[in-house]
Structure formats: C-alpha cells, structure tokens
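Letter by letter, the sequence shown follows residues 8 to 221 of the numbering used here.
The block underneath contains the structure these notes are about, expressed in structure tokens.
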Amino acid sequence: MKHRAVTTSYSIGKGLILQADAIKVLEGYEGESFQLILADPPYYQVLVEQEWDNAWQEANDYLEWTLQWVRACRKVLRPDGLLYIFGQLGKREHIWLHVCSALTREMQFHDMLIWDRAVGYNERSDSFTPQYEMILALRQTSDARPHFDKSVVRCPTIKNYSDLSTGSPLQGKGGAGKSSAQGKVRHQHSTHPFSQGGPQKKRWGIPRKNPSPL
Ligand SMILES: C[S@@+](CC[C@H](N)C(=O)[O-])C[C@H]1O[C@@H](n2cnc3c(N)ncnc32)[C@H](O)[C@@H]1O
Numbered sequence: 008m009k010h011r012a013v014t015t016s017y018s019i020g021k022g023l024i025l026q027a028d029a030i031k032v033l034e035g036y037e038g039e040s041f042q043l044i045l046a047d048p049p050y051y052q053v054l055v056e057q058e059w060d061n062a063w064q065e066a067n068d069y070l071e072w073t074l075q076w077v078r079a080c081r082k083v084l085r086p087d088g089l090l091y092i093f094g095q096l097g098k099r100e101h102i103w104l105h106v107c108s109a110l111t112r113e114m115q116f117h118d119m120l121i122w123d124r125a126v127g128y129n130e131r132s133d134s135f136t137p138q139y140e141m142i143l144a145l146r147q148t149s150d151a152r153p154h155f156d157k158s159v160v161r162c163p164t165i166k167n168y169s170d171l172s173t174g175s176p177l178q179g180k181g182g183a184g185k186s187s188a189q190g191k192v193r194h195q196h197s198t199h200p201f202s203q204g205g206p207q208k209k210r211w212g213i214p215r216k217n218p219s220p221l
C-alpha cells in the first residue's frame, strides 16, 4: 500500500492516523481493504471561519466533490462493508438533504442513525442549533449482508433486553418505569427512547415572558 500526499502520520497502537486529502489517500489502497469507513465530512459553508468548510464556489461543486470521495470510498470498501457518513439538518445545513438523495442513488441505503447530542450547542444566535446529527449508513449493493454484532453495542446495564418489552409504550401496555430494566437505563434527558412514557400528562402552558430578540 502507498500513501500519497500524506502531510502527517501518527501510529496509535495497531492504528495509523494519516492527515491528508482523503481522496488521494484512498487511491493508495487496494480494493476491498476496509470493512467500515466512517466519514465526518465538511458541512458546506456552515462554519464560516473554517477554510475547509468554504472550499467550493457553489453547492453543486460540494455535491460533486462528495460524489468523488464517496466513489473513492466505495472502491476500497469490502462487499460486506459499510460507509457511515455524519451530517445534520439545520438552517444552514439543508444541503444534507441533497447529499442523502445523491448518495442513496449512488449506493444502497442501509440505515439512518441518530446521534442525540441531548442539548445541542450554543454558538448560534440566529437560529435553533441542531440537537442531533444523522449518520447515513450505506452498503455496496442491495443484496450485501454487512457484518453487525449487536451484542457489542448493547447497554451494559441492561441484563435482560426482553424485560424492556414489559410496559413498553410501543406495545400499548403502559408507560416507562414499569420494569426495573427501564428504570436502570432512564437518562437525564427526555429524548432517550426508554424514558418516553407515552403521551405526556404534564402541561407546559404559555411562556410568561416574551422571547428576547435574536
Ligand atoms: C466536520 S469536520 C470533522 C471533525 C472531526 N470529526 C473531529 O472531531 O475532529 C470535517 C473535517 O474534514 C477535514 N477535511 C476537509 N477537507 C478534507 C479533505 N479533502 N480530505 C480529508 N479531510 C478533509 C477538515 O479538516 C475537518 O477537520
């Protein structure tokens, strides 16, 4: 394998970090080298001070570049591999819709995961800030069967997953908190799926203060 245009490299245990243009690095690998590729690409003109987020004249240039690096990923991805791509929607992130549309025509849609940030982040004062990111998961072909070991991502505090079905709002048998397992995994923020107790009884009313101007 050859690594072209690598500006810096670091070894960490069995891993290797290469700092370089992604497409150039991927060109140095043989086909079917990777089982999983996880990409957190630039958003496109969201972070106005970052040069790397403003490298394209217009949205179509960004989409064209996206197709280029995804094709480079695809060449080195195993037939049973997965490509995970982070992205989000928001006032300045609507291009993510076009990315998802273009890429699900380029590869096979596998999954859409949600990374819940719980509280979002605070930097913006002109719009709500995205509270979660999406992770678009793609596989090579419709009949590909990517390996996925669910047991390694299970919550260690849940001893018996079948307990969770007791009282699950999805099964229409009542609210959260009816089983001990649900109690153990209840999170501090209300967006965790196990903490939803069906329709909320609490009424929030009308805000007493006018909102501050943006
Ligand atoms: C949304 S950020 C990802 C940040 C990363 N997840 C982290 O936590 O540091 C996008 C990153 O892509 C990098 N980047 C931009 N263009 C690139 C390219 N052509 N090849 C490889 N990386 C690139 C930027 O330097 C930036 O760090």
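Positions of the beta carbon are idealized from the N, C-alpha and C atoms, including for glycine.
Continuous beta strand (DSSP E) stretch holding residue i: start and end
i, result
"residue 2", "Lying before the first or after the last residue shown, residue 2 is absent from the chain, which here runs from 8 to 221."
"residue 84", "84-94"
"residue 105", "Looking at the DSSP string, residue 105 is not in any beta strand (DSSP E); the run it does join, the alpha helix (DSSP H), is 102-113."
"residue 146", "139-146"
"residue 16", "13-19"
Member of the options whose CA lies at the smallest distance from the CA of residue i
i, options, result
"residue 125", "139, 133, 135, 131", "139"
"residue 109", "96, 63, 67, 149", "67"
"residue 107", "22, 74, 136, 21", "74"
"residue 131", "62, 65, 97", "97"
"residue 121", "113, 137, 111", "137"
"residue 134", "100, 113, 123", "100"
"residue 102", "38, 51, 15, 28", "51"
"residue 30", "57, 148, 71", "71"
"residue 155", "28, 57, 62, 87", "87"
"residue 83", "111, 49, 41", "41"
"residue 148", "111, 160, 169, 62", "111"
Residue i - containing alpha helix (DSSP H), residue span
i, result
"residue 33", "29-34"
Below-9 Å beta-carbon distance, residue i vs any chain C residue
i, result
"residue 67", "Among the protein chains of the structure shown there is no chain C, as only one such chain exists."
Cβ separation of residue i and residue j, assumed to be a contact under 8 Å, to the nearest whole Å
i, j, result
"residue 85", "residue 113", "Not a contact, Cβ separation roughly 17 Å."
"residue 25", "residue 18", "About 10 Å separates the two Cβ atoms, so there is no contact after all."
(message) Pairs of beta-carbons, one from the segment 142-162 and one from the segment 101-117, closer than 8 Å: are there three or more?
(response) yes
(message) Does the structure place the segment 42-62 close enough to the segment 80-99 that three or more beta carbon pairs sit under 8 Å?
(response) yes
(message) Under 8 Å, with one C-beta from each stretch per pair, do the segment 77-90 and the segment 20-35 reach the 3-pair mark?
(response) yes
(request) Go through the segment 51-83 residue by residue and report every complete run of the alpha helix (DSSP H) that reaches 4 residues or more, in order. (result) 66-83
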